[in-house]
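Notes to accompany the following structure.
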Amino acid sequence: MMFSKIFEKIKKSNKIAIFSHTRPDGDTIGGVLALKIALQSIGKQCDTFCDVAINEKFFFLPQADQYKLEPQEKYDLYIAVDCGELARTGENFVYFSKKNNTINIDHHSTNDMFAGLNYVTSYASTCEMVFELLKFMKIEFTHDIALCLYTGMSTDTGNFSHSNTDKHVFECAGELIGYGINVAELNFILYKNTSFERTKLLGKVISRTRRYCDNKVSLIYTLLSDIQEAGAKQSDTEGFIDYATNIAGTEVGVSICQHNENSYKISMRSRGDVDVSRICSEFGGGGHKKASGCMVSGFFEDVVDKIVRAISFEL
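Take the position in the sequence shown, starting the count at 1, then add 123; the result is the number in the working numbering.
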């Protein structure tokens with residue numbers, strides 16, 4: 124039923140704007156680009172938007188270099204992909220104020236249903252949802268569409284290693300491989316190819332890992348000064364949290380990345396029964412039970428204390 128409603132909206136629209144969430148990852152980028160390419164194939168004029176520049180490591184994806192920061196003209200339809208809440212659209216939230224021409228495609232349990240049409244599931248990735256939508260629309264799949272969707276499925280499951288990896292995502296990914304995806308080459312691009320500057324930054328960050336709550340909480344942090352000294356970029360911190368979460372005995376891994384002078388991006392991962400989405404929601408964030416995030420303002424050590432205290436109540 125939801126597929127039919129979405130398809131009807133698309134058929135009635137000529138100019139379509141598709142949005143990734145702020146600080147975009149592979150799932151939102153892959154889903155947006157796959158949807159764009161698919162809609163272009165049926166004659167729609169599509170543009171893609173994100174309020175910040177996307178990580179250059181995703182520039183291997185078709186049309187990834189054509190993202191714009193915000194619309195400069197009016198569109199018939201506005202689609203958000205992988206945005207767990209309106210705030211995740213960043214500075215582009217204003218384009219979802221009119222419910223009658225907006226669609227929200229997402230897989231976060233904390234989604235606040237901000238659009239006129241809300242297609243929300245508990246799938247491992249939003250790209251699985253785009254995959255099924257395009258199947259319903261009888262879109263002719265190509266290597267480019269498959270590459271975008273596979274990238275999103277892979278990155279949102281930690282290369283099919285996180286606890287959200289299930290039969291459904293394997294079935295979707297398996298079908299996409301049939302369109303000529305070189306899995307070994309893609310894995311190198313996504314998970315192994317790294318810059319010298321990122322390596323320097325990672326070394327410093329790992330060297331000062333902290334542990335709390337009888338070593339059940341492992342925490343790493345990256346300051347703006349660290350990034351500058353290493354000659355790295357903010358996007359280079361992506362994936363750092365895994366180094367905290369993977370420490371033996373850790374139940375909750377935390378990565379704190381300074382966003383500006385007194386604002387910090389918090390990422391949390393759970394290896395046990397702790398629902399980190401509930402913790403992050405206390406700070407205005409959200410996500411999944413095993414992987415969530417939020418933004419917290421204040422002095423650094425005060426932010427650490429707030430986060431650790433909130434986690435301790437859930438252990």
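Glycine included, each C-beta is placed from N, C-alpha and C at the ideal position.
Please read these numbers as outputs of a predicted model, since none were measured by experiment.
- In the three-state scheme derived from DSSP, where H, G and I count as helix and E and B as strand, Asn383 is classed as strand.
- Counting the other CB atoms within 10 Å of its CB gives Gln381 a total of 16 or more, which places it among the buried residues.
- The region 155–175 makes contact with the region 252–266, as at least three CB pairs between them are under 8 Å.
- Contact between the region 283–292 and the region 309–325 is not established, with fewer than three Cβ pairs separated by less than 8 Å.
- Between the beta-carbon of Ala187 and that of Leu156 there is about 6 Å, and that keeps the pair under the 8 Å contact cut.
- A Cβ-Cβ contact shorter than 7 Å links Val328 with Ile343.
- Counting the other CB atoms within 10 Å of its CB gives Asn215 a total of 16 or more, which places it among the buried residues.
- Contact between Asp359 and Arg321 holds, since their C-beta atoms are separated by about 4 Å, short of 8 Å.
- Between Asp150 and Asp279 the beta-carbon gap is near 4 Å, inside 8 Å, which marks them as a contact.
- In the structure shown, Val399 adopts helical secondary structure according to DSSP, grouped into three states.
- According to the DSSP assignment, Arg333 belongs to the beta strand (DSSP E) that extends over Arg333 to Tyr335.
- Val426 sits close to Tyr387, with the two beta carbons spaced by under 7 Å.
- Straight-line measurement puts the Cα of Asn338 at about 34 Å from the Cα of Thr244.
- The continuous beta strand (DSSP E) containing Gly416 extends over residues Ala414 to Ser420.
- Here Leu256 is buried. Its C-beta has 16 or more other C-beta atoms within 10 Å.
- Within the same chain, and ignoring the five residues on either side of Cys417 in sequence, the residues whose Cβ sits closer than 7 Å to its Cβ are Ile389, Cys403, Phe406, Gly407 and Gly408.
- If you look at Cys169, you'll find it in the beta strand (DSSP E) that goes Gln168 to Phe172.
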